[in-house]
Structures are given as structure tokens and as C-alpha cells.
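Written out below as C-alpha cells is the structure these notes cover.
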């Protein structure tokens, strides 16, 4: 069996997307007040991974309809970097093929709000620090760390058991009462607000609790995209076998995304991906 250049290009793209998503999810799970750089690393890698995953779906969908010919560069550049527009394009082509996986992401859902946040980061707010240093006018709410904290607090209020939050608060208050007369802290929140001792002891643990649920919600975005990509690629493989069975043009794309699942207990425990 021979393998065409298109096979290797799609294979390399699969490995690239897998690496970006895995790095992004791992960084997001580990990011906290003492490692704020990991928030940026997570956002960058997730934006790249999501964009290229959805563009891979669009490319292979096009190949199915055009005898395995890929779209030209201009066609793909027209899709830009807006993750929300890419998602809606992916949803539309999936619907055309009778695939309804992406319908699980409603426009009023927390998953869609995460997608909107990443879309804004991909197209503008990733340059927030440099733009402000250069004198550009930008609202404080455009700071991606400030935006992410607001989103994460909403996820915490929706998802994290209140008993767990209460225990974190009680433990922090106890430690602060013991240590308050012999130490002080100089630390700031993601919105640059100075923290008191009890907040320094409490907030990182609350944010860490929320991070695992944020990752779980990201998997709820990735899972329908994985299924859509897998089904479209399987259709392309079948076309490949009918039209040019001696040359392999399309990899089985599902193999690159075996780490994507929506088993909640498993996802909440795990800290590294793949």
C-alpha cells in the first residue's frame, strides 16, 4: 500500500492538533496565581488546537465532495481565526451530512461562552499586555486574565460542590488565624488586586477546584468536534478505497484524539493530557 503526500500532511496535522490540545489542557489544569503564565500558554495552545482541528474537518469535508482534492489556500484563509465562526461553519457542514454532534453546544451554554472567550483571545486580546504597554486604549475587562477569572468563578458557582468550597474557606480561615500574627503576604489576584492572608490561602485552592471543571467543559466542546472529524474522515477513507484503493490519502483521524472523552470522574481527576 502506497501513501500519498496528502496522507502525510493530514497525519502531521493530526499530531500537531493533538499536541496543542494536550499541552493547552495540561497548562490550564495547572495554571494558578503562582503560575499565571500557564493561563496564557493554555489559551494559546487551545486556540491553535481548536482552530486547526476545525479547519481539518472543513478540509476533509471538502475532499469528500471533490474526489479527494483539497481546498486551495485562499479558501482556507477566508475562514480566518475566529473560533466561533469556525465552529458554526463546522456545525453547518456536519448538519449537511446528518451529523448532529455539535448541536450539543447551545449558544446559551457555558461551553459556548468558553468558545467565545477563546475566540476573542485568538483574534485580539492575546496582545492585551503589549497593546497597553504601547499606549493603546483598552478596557480592563479586555485583559484575558480578568475575563477568565470571571468565567472561572461562574464555572465554580455552577459546578464545584458547595461543601468543597466551604471546607476550603474554613481551612484557610483557620490557618490565617494561626499565622496572622507572624507573617504577611505580597500577592495579587488575576485582576491585580492585592490579597489578604486568608485570601492567599483560600483563592488558589478554589481556582484549582474550578480548573478541573473548566477542563471538563472544554472536553464537552472537543468531544463533538472529535466525533464530527472522525465520521467525516471515515467517509473520506471509504471514498478513497472506492476511487483509488492502491494509494492511501486519508488517515483515520480518530486515532489522534483517543484522549478526548466526557467521563466526568476520570476527567476531573486527571492533570495531564494526553
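Residue numbers (our numbering): 1 to 274.
Ideal Cβ placement from N, Cα and C applies to all residues, glycine included.
Shortest Cα-Cα distance from residue 119 to any of 47, 162 and 154 involves 47.
Here residue 123 is near residue 82, since their CB atoms are less than 7 Å apart. Judged by DSSP secondary structure, residue 267 falls within the alpha helix (DSSP H) whose first and last residues are 264 to 269.
Inter-residue distance for residue 209 and residue 63 is about 43 Å (C-alpha atoms, whole angstroms).
Comparing C-alpha distances from residue 273 to each of 216, 96, 168 and 155 shows the shortest one belongs to 216.
One alpha carbon belongs to residue 97, the other to residue 199, and they sit about 51 Å apart. Here the stretch 219 to 232 lies against the stretch 261 to 269, with 3 or more beta-carbon pairs under 8 Å apart. With a contact defined as Cβ atoms closer than 8 Å, residue 155 and residue 110 qualify at about 6 Å. Going by beta carbons, residue 190 and residue 133 fall outside the 7 Å limit.
Scanning its chain for C-beta atoms nearer than 8 Å, with the 5 sequence neighbours on each side dropped, one finds around residue 244 the residues 68, in chain order. At a Cβ-Cβ threshold of 7 Å, residue 201 and residue 175 count as neighbours. In this structure, residue 8 keeps its C-beta atom at 7 Å or more from the C-beta atom of residue 249.
Around the beta carbon of residue 147, 16 or more other beta carbons lie within 10 angstroms, which makes this residue buried.
Taken in chain order, the whole alpha helix (DSSP H) runs of length 4 or more contained in the stretch 87 to 170 are 110 to 123, 128 to 133 and 144 to 159.
In this structure, residue 121 keeps its C-beta atom at 7 Å or more from the C-beta atom of residue 151. Between residue 270 and the set 13, 26, 18 and 15, the nearest pair of CA atoms involves 26. Put simply, the backbone Cα of residue 204 is about 23 Å away from that of residue 45. Residue 194 sits in a strand when the DSSP states are folded into three classes.
Residue environment for residue 253: buried (at least 16 other C-beta atoms within 10 angstroms of its C-beta).
When beta bridges are read from the DSSP output, residue 188 appears opposite 194.
Rounded to whole angstroms, the gap between the alpha carbons of residue 34 and residue 268 is 21 Å. Straight-line spacing of the CA atoms in residue 187 and residue 195 works out to 6 Å. Spanning the alpha carbons of residue 126 and residue 2 requires a straight line of approximately 42 Å. The beta carbon of residue 169 lies closer than 7 Å to those of 202 in the same chain, with the five residues before and after it left out. Bridge partners of residue 273 according to DSSP: none are assigned.
Beta-bridge pairing by DSSP links residue 3 to 248. The straight-line gap separating the alpha-carbon atoms of residue 29 and residue 171 is approximately 22 Å.
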